[in-house]
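J.: First residue of the sequence shown? That's 167 in the numbering used here, and the numbers climb one at a time after it.
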Amino acid sequence: MKLGLAVAPRDAPPDAFVVFRDDLERSIERAASLGYDGVELALREAAQVNVGALKRLLTRVGVEIACISSGQVFAVDRLYFTHPEEAVRRAAIERICGLIGLAAEFGAKVNLGRARGFIHDGETAETAKARFLACLDRCAQVADPLGVELIVEPVNRYETNFINNCQEGLEIVKESGHACVKLMTDLFHMNIEDASFGEAFKAGKDYISYIHVADSNRLAPGWGHLPFDEVFQVLAEIGYQGYLTAEILPKPDPYAAAAQAVRYLSARLKRSAHTRC
Ligand code: LER
Ligand code: MN
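#1: So, E271 versus L299, is the Cβ gap smaller than 8 Å?
#2: Assign Y324 to buried or exposed, taking buried as 16 or more other Cβ atoms, counted over all protein chains shown, within 10 Å of its Cβ.
#3: Going along the chain, which residues of its own chain have a beta-carbon closer than 7 Å to the beta-carbon of V314, five neighbours each way excluded?
#4: Cβ of D352 versus every heavy atom of ligand 2: is any distance shorter than 7 Å?
#5: With DSSP as the reference, please indicate the residues paired to A178 in a beta bridge.
#6: What residues match up with E188 in a beta bridge as DSSP calls it?
#7: Quick one: give me the first and last residue of the alpha helix (DSSP H) that E163 is part of.
#8: Could you please give the first and the last residue of the uninterrupted beta strand (DSSP E) stretch that includes N277?
#9: Express the C-alpha separation of R192 and G283 in angstroms, rounding to a whole number.
#10: Any heavy atom of ligand 1 closer than 7 Å to the CB of H391?
#11: Rounded to whole angstroms, what is the Cα-Cα separation between A212 and V318?
#12: Quick one: which unbroken alpha helix (DSSP H) runs of 4-plus residues sit fully inside the region 319–404? Chain order, please.
#13: Does the Cβ-Cβ distance between I374 and T411 come in under 8 Å?
#14: On the CB-based measure, 16 or more other CB atoms within 10 Å of its CB, does Q407 come out buried or exposed?
#15: Label G343 either buried or exposed according to how many other C-beta atoms from any shown protein chain fall within 10 Å of its C-beta, with 16 as the threshold for buried.
#16: Taking the alpha-carbon of P393 as reference, which of L349, L302, D381 has the nearest alpha-carbon?
#17: Using 10 angstroms around the beta-carbon of K436, count the other beta-carbons present and answer buried if the total reaches 16, otherwise exposed.
#18: So, at 6 Å on beta carbons, what are the nonlocal neighbours of W389 in its own chain, with the 5 sequence-adjacent residues on each side left out?
#19: Just to confirm before moving on: does the CB-CB distance between L190 and V173 stay below 8 Å?
#20: Quick check on DSSP: helix, strand or coil for I194?
#21: For the 8 Å Cβ check, are there 3 or more pairs between the region 216–231 and the region 245–254?
#22: Over the uninterrupted alpha helix (DSSP H) stretch that includes T225, give me the two end residues.
#23: Do you know whose CA, among A366, S438, H391, lies nearest Q399's CA?
#24: Need the endpoints of the beta strand (DSSP E) that G204 sits in, please.
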């Protein structure tokens, strides 16, 4: 498994779930110096990144772009897949396809968290689902030939009313019918919505390709009460090899949070590798 850190550009809104909100170059250098293997970029649009400069930086500091997350497409520009207006859905598809093109440059995945949208008042879950699947289909047709995975993230009920738990995520991933559409899980949301980490990970085994990590209070791992023993044991059991990316609050301060996450997760990884030997 590899360790990642979620970061966002300096102008990202305060509700972006990232540790470092700063110039991307500085955040990536810091993540590298702390020992992370990769970063997740929380972006609104592909034009926020200079591809050539970023590639040179990544080579210099030795980290990769694990994922591009799209929550700000929803949070800042209110573009999302379940919107009742077709023009808005089309704009959301265009944005996500821009991020897919960018991700292809870096071998990264594209996350579909809040940009999937929600069930509007007076509408049914079926309506939201049909709109979501139609938009997802258009994006998958772009992502598939580029070798980019689209990863659907269940998000807890206090943030959305659409795709809250891993079973719902898994069903919609399967229903999409695209091999490039996968499930990503987030321990923070799972702790609220899924009855058991073990059962959810085992059920999603063949579809989970990325994981957000935080403790029960969304602080860095080790600063809350999530059962990390159970989580690491089941990840080893299902043979998960992907990223564990810290999507945590920048508290008590960004650097301390990022340092705690990498220290805690590396120690756990070493321990589980040792146990398997
Ligand atoms: C939001 O809570 C979250 O976990 C994000 O990764 C989804 O966009
Ligand atoms: Mn998340």
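Note that CB positions come from ideal geometry on N, CA and C, so glycine has one too.
T.: Short version:
#1: no
#2: Exposed, since its Cβ has fewer than 16 Cβ neighbours within 10 Å.
#3: I266, A269, A270, K275, V276, C346
#4: yes
#5: Answer is none; A178 lacks a bridge partner.
#6: The sequence shown places Asp at residue 188, rather than the Glu named in the question. Looking at the DSSP assignment, D188 forms no beta bridge with any residue, so it has no partner.
#7: With the chain represented from 167 up to 443, any question about residue 163 goes unanswered, as that position is not in the structure.
#8: Counting along the chain, the beta strand (DSSP E) containing N277 begins and ends at 275–278.
#9: Those two C-alpha atoms are separated by around 32 Å.
#10: no
#11: Per the coordinates, the alpha-carbon of A212 lies some 19 Å from the alpha-carbon of V318.
#12: With a minimum length of 4 residues, the continuous alpha helix (DSSP H) runs that stay inside the region 319–404 are 332–342, 353–359, 363–370, 394–404.
#13: No, the pair does not count as a contact, with Cβ atoms beyond the cut-off.
#14: exposed
#15: exposed
#16: D381
#17: Here K436 is exposed: its Cβ has fewer than 16 other Cβ atoms, across all protein chains shown, within 10 Å.
#18: D381
#19: Result yes, Cβ atoms of L190 and V173 sit closer than 8 Å.
#20: Helix at I194.
#21: No: the two stretches stay apart, fewer than three of their Cβ pairs being nearer than 8 Å.
#22: Residues 217–227.
#23: S438
#24: Here the beta strand (DSSP E) through G204 covers 204–208.
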